[in-house]
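Visitor: Quick note, the sequences are listed as chains A and B, same order. Per our numbering: the first sequence = residues 1 to 253. Per our numbering: the second sequence = residues 254 to 569. The following block contains the structure, expressed as structure tokens.
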Amino acid sequence: MRFLRVWERNLIVYRQNWKISFVPPLLEPFFYLVAFGVGLSALVGNVSYQGSEISYMIFIAPALLAINIMNNAFFENTYASFVRMYYQKTFDAMMATPLTLEEIITGEIVWGATKSVIATSIMLGVISLFGLIRYPEGLLIIPLAVIGGIAFGSIGMIFTAIVANIELFNLPVFLFITPMFLFSGTFFPIENLPAWAQHIAILLPLTHMVNLTRSLSLGIVDMSLLPGFCYFVISCIVFFPLAIHKMHRRLIK
Amino acid sequence: MKVAQENYHEKLSMSPIIRAKNLTKIFGDLVAVDNISFKVYPGECFGILGPNGAGKTSTIRMLYGLSPMTSGTLDVFGLDVTKNARAIKSRLGVCHQENNLDPDLTVKQNLEVFSRYFNMSPRAAQVQAESLLKFMALDHRKDARVTELSGGMMRRLVLARALLNAPELLILDEPTTGLDPQSRHQVWERLGELKAKGLSILISTHNMDEASRLCDRLIIMDHGGILVEGKPFELIRQYVGHDIIEVLEPSQTLRAFVQSRNMEHEDLGHRLIINTEDGNALFREISNEYCQEGCIMRMATLEDVFLKLTGRELRK
């Protein structure tokens, strides 16, 4: 459980800047919902989703949550972890203590997931003010942020372990994160994509996260959630140890 | 000499705090550490010296378990590093070469947070942090950002951090490199106080002054192997004598004189270095007859031993 000490360090630093850290999850939903919701709603009208008609705002709100879960964990375990590892040499200092590398990386990934949970909770609160979330089912989005955060954080940590310098993060951001942001059923249903693109979208993690958050926001809790949930459980089981393995290769020579 | 030393320590039944036997580290084609063996005894300050690329850092990394050894055995506190890394590291303090402090935290927070990695309670962490800040004269800056500190203060903070868990063995990698004289002497004084209280120290340094002041015994490494081992003053006597006379722009007559007397010397073109057991008479003779200015006499130092054994060529 010593990874909690590493997690604690990150929490102490976060608390110093919490006022700034709270601003994005507070403001982002406002901006998107106003721009897309108010701005585009009139043009788009209702969206057909799983047999029923829902407003465009209700359609995109859960996507904002899913994107938030992804971005918080991924960017924390890429850029922030890389700065700690490479520039500040924080991990080197930690490895001279009784902490093992496994505990350090676990602490970092769990912290990434924690950021997802904090930001998602705030955003959930804001979006709920617009009346776009069904309760109590919507509350399940918070534990979902834990597992999603661990999965996306682990993926981020794998990149941190393999990139030679910080600029190289541009590759996963622009080839992976940004396409997912646009095409994972976030701002339009993936059924609107050509068939070949839909096949690719199904493989992407954000697609499944959006499906899960959207279902929960609409109050749907049934077996249809199972595939997406399994996707993330398997992602955690695969990517978490892989991240540790890659970091081991990078730091222990 | 070495065997006598070992028997002496064995007689006092002091088991070594570090025991390295046939320690080897190979990176691909590079043999960084080549089959070295040495022991460090409790309460002593042991130095590892060597030019760049000698294998000092690789050796140190194996000691605190960061780098797995390729072959050989390495025990710290009588425990095998490959099996008991956690137990060893909880009794060890490491002062790295880089100031890898946490720029996101204040001076005091750096210590408190670091204490937690040793599973110290928050209360104990606070008490230790305060005590060490006083010991290192950093108390007045405890709420400052690490980035605001001078080089000397940062170094003292890294040293304070290495002492949080009240270690039995302190590993120092270039502890005073780049420090101003005041900071350097303060650090040496603190280390002296700690040693008097029983702390064992392993130090790697390029500062020969530091090595000869602090180390009870030392090894000089080169190309992964150990060249010599011994007490500083014994190595000096054995390899470079007692006094050194340095002459700038030596004349040909001086060179001839030195050669005719079969004196041990080193001819560096613009400088001539003469080793001798008793320099007083010789210095008077040389300064009177062979050079009016530009010649000095000084005591032989560890640096002379180092340069003699590892050469004056640039490395890496």
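Here a beta-carbon is modelled for each residue, glycine too, at the ideal position from N, C-alpha and C.
1) Give the DSSP bridge partners of residue 71 of chain A, in chain order.
2) Residues of chain A with a CB under 8 Å from the CB of residue 351 of chain B: which are they?
3) Which chain B residues sit within Cβ distance under 7 Å of residue 13 of chain A?
4) Could you give the first and the last residue of the continuous alpha helix (DSSP H) run that contains residue 101 of chain A?
5) Check whether the segment 171 to 191 of chain A and the segment 102 to 119 of chain A touch, using three or more Cβ-Cβ pairs below 8 Å as the test.
6) Quick one: what's got a C-beta closer than 8 Å to residue 320 of chain B's C-beta in the same chain, skipping five residues either side?
7) Quick check: is the beta carbon of residue 453 of chain B nearer than 7 Å to any beta carbon in chain A?
8) Using a Cβ-Cβ cut-off of 7 Å, state whether residue 96 of chain A counts as contacting chain B.
9) Could you tell me which residues DSSP pairs with residue 279 of chain B in its beta bridges?
10) If you draw a straight line from the C-alpha of residue 553 of chain B to the C-alpha of residue 496 of chain B, how long is it?
11) Could you check which residue in A/49, A/22, A/216, A/77 has the C-alpha nearest to that of residue 172 of chain A?
12) In the structure shown, what three-state DSSP assignment does residue 567 of chain B receive?
13) Using 8 Å for Cβ pairs, my map puts residue 2 of chain A next to residue 101 of chain A. What's the rounded Cβ distance?
14) How many angstroms separate the CA atom of residue 121 of chain A from the CA atom of residue 13 of chain A?
15) Using a Cβ cut-off of 7 Å, pull out every chain A residue sitting near residue 347 of chain B, in sequence order please.
16) Would you call the segment 24 to 31 of chain A and the segment 61 to 69 of chain A in contact, with 3 or more CB pairs under 8 Å?
17) Show which residues of chain A have a CB atom less than 7 Å away from the CB atom of residue 403 of chain B.
18) Only counting the same chain, and skipping five residues up and downstream in sequence, which positions put a Cβ closer than 6 Å to that of residue 329 of chain B?
19) Cβ closer than 7 Å: which chain B residues qualify as neighbours of residue 249 of chain A?
20) Whole angstroms are fine: how far does the CA of residue 345 of chain B sit from the CA of residue 537 of chain B?
21) How would you list, in chain order, the residues of chain A whose beta-carbon sits under 7 Å from the beta-carbon of residue 330 of chain B?
22) Any Cβ of chain B within less than 7 Å of the Cβ of residue 134 of chain A?
23) Within 7 Å of any Cβ in chain B, is that where the Cβ of residue 101 of chain A sits?
24) Can you check which of these residues, A/182, A/142, A/16, is closest to residue 213 of chain A by C-alpha distance?
25) Would a check of beta-carbon distances place residue 366 of chain B closer than 7 Å to chain A?
Guide: So, from the listed chains and residues:
1) Counted from its first residue, the first sequence places residue 71 of chain A at position 71. Answer is none; residue 71 of chain A lacks a bridge partner.
2) For the purposes of this step, residue 351 of chain B is taken as residue 98 along the second sequence, with counting starting at 1. Those are 89, 92, listed as they occur along chain A.
3) Here the question's residue 13 of chain A lines up with position 13 in the first sequence. Simply 357, 358.
4) Taking the first residue of the first sequence as position 1, residue 101 of chain A is located at position 101. Note, residue 101 of chain A: alpha helix (DSSP H), 101 to 129.
5) no
6) Translated into positions along the second sequence, residue 320 of chain B becomes position 67. Closer than 8 Å at the Cβ level, and outside the excluded window around residue 320 of chain B, lie 278, 311, 314.
7) If you number the second sequence from 1, residue 453 of chain B lands on position 200. False, the Cβ-Cβ gap to chain A never drops below 7 Å.
8) As a first step, residue 96 of chain A is located in the first sequence; it is residue number 96 there, counting from the start. Chain B, which has a Cβ nearer than 7 Å to the Cβ of residue 96 of chain A, makes this yes.
9) Taking the first residue of the second sequence as 1, we reach residue 279 of chain B at position 26. Answer by DSSP bridge pairing, in chain order: B/284.
10) Position 300 of the second sequence holds residue 553 of chain B. Position 243 of the second sequence holds residue 496 of chain B. Roughly 5 Å separates the two Cα atoms.
11) Position 172 of the first sequence, counting from 1, holds the residue named residue 172 of chain A. Of the candidates A/49, A/22, A/216, A/77, the one whose C-alpha sits nearest the C-alpha of residue 172 of chain A is A/77.
12) Residue mapping note: residue 567 of chain B aligns to position 314 of the second sequence, counting from 1. In the structure shown, residue 567 of chain B sits in coil (DSSP, three-state: anything other than H, G, I, E or B).
13) The residue you call residue 2 of chain A lines up with position 2 of the first sequence. The residue you call residue 101 of chain A lines up with position 101 of the first sequence. The Cβ separation is near 12 Å, so there is no contact.
14) One-based indexing of the first sequence puts residue 121 of chain A at position 121. One-based indexing of the first sequence puts residue 13 of chain A at position 13. Answer to the nearest angstrom: the Cα atoms are 20 Å apart.
15) As a first step, residue 347 of chain B must be located in the second sequence, where it is residue number 94. Residues of chain A passing the Cβ test: 96.
16) yes
17) Numbered from 1 along the second sequence, position 150 holds the residue referred to as residue 403 of chain B. Within chain A, no residue comes near residue 403 of chain B; the closest Cβ sits about 19 Å away, beyond 7 Å.
18) Against the second sequence, residue 329 of chain B aligns to sequence position 76. Here the set comprises 271, 341.
19) Counting from one through the first sequence, the residue named residue 249 of chain A turns up at place 249. Ordered by position in chain B, no residue passes the 7 Å Cβ test against residue 249 of chain A, which lies about 12 Å from the chain.
20) Here the question's residue 537 of chain B lines up with position 284 in the second sequence. Here the question's residue 345 of chain B lines up with position 92 in the second sequence. Roughly 51 Å between the two C-alpha positions.
21) The residue you call residue 330 of chain B lines up with position 77 of the second sequence. Within chain A, no residue comes near residue 330 of chain B; the closest Cβ sits about 13 Å away, beyond 7 Å.
22) The sequence position of residue 134 of chain A within the first sequence is 134, counting from 1. Residue 134 of chain A does not count as touching chain B.
23) The count along the first sequence starts at 1 and reaches residue 101 of chain A at position 101. Answer no: the Cβ-Cβ gap between residue 101 of chain A and chain B never drops below 7 Å.
24) Here residue 213 of chain A refers to the residue found at position 213 of the first sequence. The residue with the shortest Cα to Cα distance from residue 213 of chain A is A/142.
25) On the second sequence, residue 366 of chain B is found 113 positions in, with the first residue counted as 1. So, interface residue.
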